[in-house]
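Have a look at the structure below before the remarks.
Numbering (my numbering), first residue to last: 179 to 1423.
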């Protein structure tokens, strides 16, 4: 990018007048030019300079000029004779020689003394005439105060030959006489004479070159080091004196700021000279600081009013003059003549500042400065519109904005080329879009003035009185603006083009807000021109933009309103699309409820939506509507039977009254049970409206507000209150749950009650089932439909017909085709128990969980009931049977072990069989039932005998084992209800209908996990119970119930109270009155449970009884063989009758020797045959045993097994008649050992 700083500062040169010097000068100057430009010039301004930008010290508020670095300073080597010091069109920096160079080509001292020295002195006198005369018109006193510009000069001694070096002495003295030799020795070299003649005490002006390169190829920079360093010093000195002089001139002139002859143009003219110098040196930040100072002076002059300015802007071309580029006006001349108008002054400052920023490569700040410049100038000239041409401000603003875009785009391309930086490109497009939007707004203003665009929103950018304020004699000069004033078609084309460019630039930099504004303006302009299809497409595009909701509420509402107007203009205000558009507009109003939206009339929108829904004959739902807020007044609902009343407040934010058909709220609990409360038609006034909503339900407990709905004909205004803010931890979720508004519905003991229980009698050979209990309460049920959905792996048989266990005669239960249970005609205060078969239940599942949904109908109401039901599936104990066969009997060990965590009381088992059974059984006599704790075991012995020993059974003999039991929870519930019955008989509390049923269920639930230990009263638990019932803790009936519960639990803590000792009849001894209802409930809980399972007597082919006959001696020596006799008796009493019973049976015996105790001496195995299967068969086995360990040794055992081909499975059981038979084995006698010392006597001590 071209820059003004590329102009070079002059450096003049001259030489002595000889032919050799001219030739050497022509050779030296090109070589010296190759060392240019000057680089890294470090200049520290004087502390007295006030124009430069100060830098604050880190340690305090005082300011000092900082070190300035000039990285690149071009130098123009010009002959002294051709230098022109005075030219008004050239800045003083480019006319002031930084240094004058005089090249001396002479190696003869005589020639130097005779000719060259005089030429140098003449040159020194001449260079003073080459200083600029810009300060000659300054008064003498100011000039003396400001200082002079003495020229800097250097004398350069050049060697005579390009490749030679300076000689240390003159020509040889042998060629001259004796006097010549004397002068040669004393006159010195030319370099020494130059230094002696022209160096001062403080500064050296003579520089010598050691040699000269022959050409550019061997131009060594080291040759020029000294000369370049001295040129830099002189340049810095000249440059510093020039800027100090200009700074002093500015300061001296500004000291007269309060004088009459002071003018802002004079101060600007002097500062502009300073700016030109700074700009030429590349010190652009300091130049910009000077313009900041000028703007401060301008503000001071305008505020003080002492300086009068002409406004300007009335000249031809003022509205279209391009400011970024070559200046179109003689601003410096006008400034010198003090004829610069305020308009031109602002334009000049903007143009100069922008060019400096562009020289620094700051393109985007130029564009940002353009926006501030347009706002400043238009704000300044708007009160003087009557002096300007029609549309002048709009045309001028448009010209400045678009010219800045074009010029900055060229600068940007020159700076970055074809691969700009992404961040810089994004910033450039953002600034471009902002300037182009200014152009769009100016075009719209111009269209409003001439009537091309209506003076209404969103085109109302201009004041009401500004349309007629203009000078009729003046005309704008920008051609496209003038054509837009006269021709609407040209105006439309121009506006469309600028809008398109603005959208393109905003899209490139992703300025969503600006894109939405331009599209919004464009859509309104299309609607004004009648292009409804294109306008509607733009409205749909705007509404689809996610960022539209983040814009201002005015624009958000106006987009929806304009879209509705566009649809109406297209005669499409009907159908689903029209309903959706109205719904979107109302929801937009809800999203910005607290912000004004004058474009959307909510009452009108609701009316239009009602009309459209009725015409379409469909419901329209607005979810999240907040114009009508429904809030629950109290945390307790009022119950009257099955009817629940909830008081709510409906807060209307609408401006007028609204007639509604109904108001609904939905309540839900943690089990997802949902209740719907409703009211009838009413009129909602603005503000707070109190309503009472009703719901028929038997549900109780705490419910939270889930959703609200206000219905207006076919319109449903809903608000979902169930959803909570996003939470990340469990504690936050629990906190949100507790913060939600809740409504407590009081419990009703006389309402419909459903429960799932395990059957009292369980038959393991039959299909498992659970019992569904349904209590009708105060109201008779005409019909009820119940859907049961098991949870987990348990499934119910939905196809099997339900079985009524207990019900009134007129009650009927059937299965619907859908699988639900249908109950009909259940009278009031009646109970129906239905057995539900289980289709599948894994063995590991201990309980069944069923979600029940019941829709019931009575004579007075219809209702829905939801509840999660639980029932145990596992038995409280496990059963283990071990069989021990004997010759004529079978002993079975029956063990009942309580499950972990279970307390149970079991009775003695009962076994029954048919009368023609071949086996009879003897069971223990009835005894007191045994209480079992967790993992405790009760053992019983069952004795089976053959009724016909000589007859074999051909079929299995099946018995029925019956175990009677009840759990500790059953007894605890029965005792609690019994004690309650006694207390209620003494004094009943003043409670309402159904409260006793609630208390009975609560007591049963309280002791459901009881053991056989005494119970205690837990106040916290019972306060939670009262809260679930919806009773206030400070009420009288709550206090009476708590006292009653305390007395009941206190009586239960008495260890003498035993469920086994309770009377079986209400009037049995000891005589104590009881309440019949609680007494009946107690007896129902204390009823014994019964488990029935089939019991089979197993078969065994042979039972072998072995008796060992040991020797008579009670002791035997270790290792001594011992003769033992095994008497074996084989019984077939427990064998099953088979077709091969007449065939002989071959048996094998095997003495199981324990090698640690016994060795079998001789035969260990043998066989024998039984000819026919008689009742008993005897066989004797002789064996020799050798004990191998002393002590009490048990005799080895004998194993008997059948051998031969196995036609069928053969089971044989052997037992020892005396399992603990053994003998004492003693060690054999050992010889005594003596110690004999065989050493010689003399060796002994």
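Backbone N, C-alpha and C fix where the C-beta goes; we use that ideal spot for every residue, glycine too.
Source: prediction; values computed, not measured.
Inset, instruction - Would you tell me roughly how many angstroms separate the C-alpha atoms of residue 731 and residue 1176, rounded to the nearest one? - result: 56 Å
Inset, instruction - Per DSSP, which residues does residue 896 bridge with? Please list them. - result: 801 and 887
Inset, instruction - Would you kindly work out how many angstroms separate the C-alpha atoms of residue 520 and residue 529, rounded to a whole number? - result: 14 Å
Legend entry - Any 3 or more C-beta pairs closer than 8 Å across the stretch 968-976 and the stretch 925-940: no
Inset, instruction - Helix, strand or coil for residue 992, going by three-state DSSP, please let me know. - result: strand
Legend entry - Simplified DSSP assignment, three categories, for residue 962: strand
Inset, instruction - Output the residue ranges of the alpha helix (DSSP H) runs that lie fully inside the stretch 801-831 and measure 4 residues or longer, sorted by chain position. - result: none
Inset, instruction - Answer with buried or exposed for residue 1060, where buried requires no fewer than 16 other C-beta atoms within 10 angstroms of its C-beta. - result: exposed
Inset, instruction - May I ask you to list the residues that DSSP assigns as paired with residue 1400? - result: 1372
Inset, instruction - Mind listing, in chain order, the continuous alpha helix (DSSP H) runs of no fewer than 4 residues lying wholly within the stretch 1139-1220? - result: 1146-1164, 1173-1184 and 1197-1207
Inset, instruction - Could you tell me which residues DSSP puts in a beta bridge with residue 1346? - result: 1325
Legend entry - Top-ranked residue by Cα proximity to residue 405, from 384, 824, 419 and 746: 384
Inset, instruction - From the DSSP output, read off the bridge partner residues of residue 1282. - result: 1308 and 1392
Legend entry - residue 561 in three-state terms, based on DSSP: helix
Inset, instruction - Pick helix, strand or coil for residue 972, following the three-state DSSP scheme. - result: coil
Inset, instruction - Find out if the Cβ-Cβ distance for the pair residue 557, residue 663 is shorter than 8 Å. - result: no
Legend entry - Proximity of residue 739 and residue 777 at Cβ, strictly below 8 Å: yes
Inset, instruction - Determine the extent of the beta strand (DSSP E) in which residue 1259 is found, giving its start and end residues. - result: Element bounds for residue 1259: not the beta strand (DSSP E) but the alpha helix (DSSP H), 1254-1264.
Inset, instruction - Can you say whether residue 1376 is buried or exposed, counting buried as having 16 or more other CB atoms within 10 angstroms of its CB? - result: buried
Inset, instruction - Have a look at residue 516 and residue 421 and give me their C-alpha separation to the nearest angstrom. - result: 24 Å
Inset, instruction - Return the first residue and the last residue of the beta strand (DSSP E) that residue 1116 is part of. - result: 1115-1124
Inset, instruction - Could you say which of 1368, 1406, 338 and 1257 lies nearest to residue 1163 if we only look at CA atoms? - result: 1257
Legend entry - Nearest to residue 1271 (by Cα), restricted to the options 945, 1400 and 889: 945
Legend entry - C-alpha gap between residue 751 and residue 783, whole angstroms: 12 Å
Legend entry - Where residue 880 sits in the DSSP three-state scheme: strand
Legend entry - Distance between residue 748 and residue 734 (C-alpha atoms, nearest Å): 22 Å
Inset, instruction - Using alpha carbons as the reference points, say which of 952, 757, 657 and 564 lies closest to residue 790. - result: 757
Inset, instruction - Identify, in the order they occur along the chain, each residue of the same chain with its Cβ nearer than 7 Å to the Cβ of residue 253, setting aside the five sequence neighbours on each side. - result: 186, 187, 189, 214, 215 and 216
Inset, instruction - Would you kindly work out how many angstroms separate the C-alpha atoms of residue 196 and residue 595, rounded to a whole number? - result: 52 Å
Inset, instruction - Report whether the distance from the Cβ of residue 953 to the nearest heavy atom of the ligand ADP is below 7 Å. - result: For the ligand ADP, the structure offers nothing, since it holds no ligand at all.
Inset, instruction - Tell me whether residue 436 sits in a helix, a strand or coil according to DSSP, three-state version. - result: coil
Inset, instruction - Please report how far the alpha carbon of residue 1000 lies from the alpha carbon of residue 989, in whole angstroms. - result: 11 Å
Legend entry - Pick from 1170, 703 and 653 that is closest to residue 1473, judged by C-alpha positions: This structure cannot speak to residue 1473, because the chain is shown only from 179 to 1423.
Inset, instruction - Helix, strand or coil for residue 1058, going by three-state DSSP, please let me know. - result: strand
Legend entry - Buried versus exposed call for residue 705 [16 or more other C-beta atoms within 10 Å across all chains shown]: buried
Legend entry - residue 922 beta carbon less than 8 Å from that of residue 815: yes
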